[in-house]
Amino acid sequence: DQQVKQNSPSLSVQEGRISILNCDYTNSMFDYFLWYKKYPAEGPTFLISISSIKDKNEDGRFTVFLNKSAKHLSLHIVPSQPGDSAVYFCAARYTGFQKLVFGTGTRLLVSP
Amino acid sequence: ETGVTQTPRHLVMGMTNKKSLKCEQHLGHNAMYWYKQSAKKPLELMFVYNFKEQTENNSVPSRFSPECPNSSHLFLHLHTLQPEDSALYLCASSPGTSGIHNEQFFGPGTRLTVL
Numbered sequence: 010d011q012q013v014k015q016n017s018p019s020l021s022v023q024e025g026r027i028s029i030l031n032c033d034y035t036n037s038m039f040d041y042f043l044w045y046k047k048y049p050a051e052g053p054t055f056l057i058s059i060s061s062i063k064d065k066n067e068d069g070r071f072t073v074f075l076n077k078s079a080k081h082l083s084l085h086i087v088p089s090q091p092g093d094s095a096v097y098f099c100a101a102r103y104t105g106f107q108k109l110v111f112g113t114g115t116r117l118l119v120s121p
Numbered sequence: 018e019t020g021v022t023q024t025p026r027h028l029v030m031g032m033t034n035k036k037s038l039k040c041e042q043h044l045g046h047n048a049m050y051w052y053k054q055s056a057k058k059p060l061e062l063m064f065v066y067n068f069k070e071q072t073e074n075n076s077v078p079s080r081f082s083p084e085c086p087n088s089s090h091l092f093l094h095l096h097t098l099q100p101e102d103s104a105l106y107l108c109a110s111s112p113g114t115s116g117i118h119n120e121q122f123f124g125p126g127t128r129l130t131v132l
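In order, the protein sequences belong to chains L and E.
Count the first sequence with the working numbering and you get residues 10 to 121, in order.
Count the second sequence with the working numbering and you get residues 18 to 132, in order.
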């Protein structure tokens with residue numbers, strides 16, 4: 010049973026527009042959430058994270074929103090750029106437990 | 018070399034072969050991880066090492082044997098694998114395993130094909 014779900018396998022967006030990637034989780038013990046970005050032939054790279062005590066974290070063009078009651082988080086990229094085209098993985102863990110639980114990823118394509 | 022490196026990048030092996038995957042991290046981290054990524058599945062944690070000691074084995078079959086001689090190096094020894102073991106094997110490291118800001122840094126992975 011998948012505890013972290015990314016229900017959209019792919020997303021296409023035009024350059025300059027907003028990209029919104031979604032992630033749902035089922036384990037209410039998760040208290041820290043991360044987004045990783047993966048280019049072909051490379052390993053995932055850490056992008057942004059959020060603790061469960063916050064509902065928003067912003068870093069430049071990237072903002073992560075957390076809705077604990079809905080067990081939902083989202084990654085907003087504004088404005089989207091062609092270089093953002095990659096697979097984005099959502100991951101979660103809880104304090105004291107070292108295991109990261111990943112979603113299956115969403116492939117983002119940003120067209121010029 | 019910087020970050021996390023993995024060798025080989027690609028490996029094709031028969032079911033009776035013995036091979037090893039190597040991971041090295043140049044970040045001064047104390048924890049290292051092996052993950053498996055199969056097609057259309059999430060990354061699955063296999064093993065965790067913290068200060069050279071194995072702290073997690075996620076019910077991995079014994080045909081996968083990890084080795085961590087020091088905090089900078091991690092190996093995955095492979096023996097009598099099955100075709101369904103074909104996957105991308107990713108190594109990662111982090112400063113530690115506890116505490117909230119222990120983001121993991123990944124290597125590029127080894128694409129393994131078992132014939």
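No residue lacks a Cβ here, since even glycine has one placed at the ideal position from N, Cα and C.
Practice problem: With 8 Å as the threshold, decide whether the Cβ of residue 57(E) is near any Cβ in chain L. | Solution: In the second sequence, the residue the question calls residue 57(E) occupies position 40. It does: the Cβ of residue 57(E) has a partner Cβ on chain L nearer than 8 Å.
Self-check item: Residue nearest to residue 121(L) in terms of C-alpha spacing, selected from 96(L), 88(L), 111(L), 108(L)
Solution: Residue mapping note: residue 121(L) aligns to position 112 of the first sequence, counting from 1. If we check each option's Cα against that of residue 121(L), 88(L) comes out closest.
Quiz item: If you check the beta carbons only, do residue 114(L) and residue 32(L) fall under 8 Å apart?
Solution: Translated into the one-based positions of the first sequence, residue 114(L) becomes position 105. Translated into the one-based positions of the first sequence, residue 32(L) becomes position 23. Contact flag unset, no.
Quiz item: Is the beta carbon of residue 64(E) less than 8 Å from the beta carbon of residue 70(E)?
Solution: Indexing the second sequence from 1 puts residue 64(E) at position 47. Indexing the second sequence from 1 puts residue 70(E) at position 53. No, the Cβ-Cβ distance between residue 64(E) and residue 70(E) is not below 8 Å.
Quiz item: Listed in chain order, which residues of the segment 54-85 of chain L have Cβ atoms closer than 9 Å to some Cβ of chain E?
Solution: Taken in chain order, the members of the segment 54-85 of chain L whose beta-carbon sits within less than 9 Å of a beta-carbon on chain E are 54, 55, 58, 60.
Self-check item: Segment contact, 8 Å Cβ cut-off, at least three pairs: the segment 98-115 of chain E with the segment 23-33 of chain E
Solution: yes
Practice problem: Kindly list the residues whose CB is nearer than 6 Å to the CB of residue 60(E), restricted to its own chain and excluding five residues on each side of it in sequence; keep chain order. | Solution: In the second sequence, residue 60(E) corresponds to position 43, counting from 1. Closer than 6 Å at Cβ, skipping near neighbours: 52, 54.
Exercise. Run down chain E in chain order and give the residues with a C-beta less than 7 Å from the C-beta of residue 113(L).
Key: Numbered from 1 along the first sequence, position 104 holds the residue referred to as residue 113(L). Residues of chain E passing the Cβ test: 57, 58, 59.
Exercise. Kindly indicate which residue of 129(E), 90(E), 58(E), 66(E) has the alpha-carbon position closest to the one of residue 12(L).
Key: For the purposes of this step, residue 12(L) is taken as the residue at position 3 of the first sequence. The candidate whose alpha carbon is nearest that of residue 12(L) is 58(E).
Quiz item: Hey, out of 48(L), 19(L), 52(L), 44(L), whose CA is closest to residue 8(L)'s CA?
Solution: Residue 8(L) cannot be examined here, being either before or after the span of chain L that is shown, 10 to 121.
Quiz prompt | Distance CB(residue 48(E))-CB(residue 89(E)) smaller than 8 Å | solution = The count along the second sequence starts at 1 and reaches residue 48(E) at position 31. The count along the second sequence starts at 1 and reaches residue 89(E) at position 72. The answer is no: Cβ separation not under 8 Å.
Quiz prompt | Bridge partners - residue 12(L), DSSP secondary structure assignment | solution = On the first sequence, residue 12(L) is found 3 positions in, with the first residue counted as 1. Its beta-bridge partners do not exist; DSSP assigns none.
Quiz item: Taking Cβ to Cβ, would you say residue 83(E) is nearer than 8 Å to residue 91(E)?
Solution: Taking the second sequence and counting its residues from 1, the one referred to as residue 83(E) is at position 66. Taking the second sequence and counting its residues from 1, the one referred to as residue 91(E) is at position 74. For residue 83(E) and residue 91(E), yes; Cβs fall inside 8 Å.
Exercise. Would you mind stating whether residue 37(E) and residue 129(E) have Cβ atoms separated by less than 8 Å?
Key: For the purposes of this step, residue 37(E) is taken as the residue at position 20 of the second sequence. For the purposes of this step, residue 129(E) is taken as the residue at position 112 of the second sequence. No.
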